[in-house]
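Residue numbers for the sequence shown follow this note's numbering, beginning at 1376 and rising by one. Here the structure is laid out as structure tokens; the discussion comes afterwards.
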Amino acid sequence: MTIKLDHADVIKKLEAVSTAIGNLSISKMPDLGKNSLDTTEKWAAREEEIQTLISTYIKALNKNVKDTKSNVDLLKEQDESIIHS
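See below:
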């Protein structure tokens, strides 16, 4: 069984993923005025938690894309090294 790596295709798809990650966003919670209801405060706290989670998720996605690109580049270099040996 032979596994073939099409470096250009993989890099192109990783760039598409990076672009999609760049387009991810969540709008900030609208100003609620001077509401001081318990439900409103809990809702605002939950919205802040969601913002933090999404931000962390986006950072993790970017790191995964970067790591994957590095691994694909390394595989290409190793393949070229084996071919030239």
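Beta carbons: idealized from backbone N, C-alpha and C, even for Gly.
Rounded to whole angstroms, what's the CA-CA distance from residue i to residue j? Just pull it up for me.
i        : j        : result
Ser-1430 : Ala-1395 : 14 Å
Asp-1406 : Asp-1413 : 16 Å
Glu-1423 : Glu-1416 : 11 Å
Could you tell me the boundaries of the alpha helix (DSSP H) in which residue i lies?
i        : result
Asp-1454 : 1413 to 1459
Gly-1397 : 1382 to 1397
Compare the C-alpha of residue i against each of the options and name the closest.
i        : options                                   : result
Ser-1445 : Met-1376, Gly-1408, Ile-1386 and Thr-1377 : Ile-1386
Gly-1397 : Asp-1442, Met-1404, Ala-1383 and Ile-1433 : Ile-1433
Leu-1399 : Leu-1380, Lys-1388, Glu-1424 and Asn-1437 : Asn-1437
Leu-1402 : Leu-1380, Thr-1427 and Leu-1412           : The residue you asked about is not Leu; residue 1402 is Ser in the sequence shown. Taking only the C-alpha atoms, the option nearest Ser-1402 is Thr-1427.
Ser-1379 : Ser-1460, His-1459 and Asp-1454           : Sequence inspection shows Lys at residue 1379; the Ser mentioned does not correspond to that position. The candidate whose alpha carbon is nearest that of Lys-1379 is Asp-1454.
Mind reading off the beta-carbon distance from residue i to residue j? Whole number of angstroms is fine, and I expect it under 8 Å.
i        : j        : result
Ser-1393 : Val-1440 : 5 Å
Ala-1419 : Met-1404 : 6 Å
Does the beta carbon of residue i sit closer than 9 Å to a beta carbon anywhere in chain D?
i        : result
Thr-1414 : Protein chains in the displayed structure number just one, and chain D is not present.
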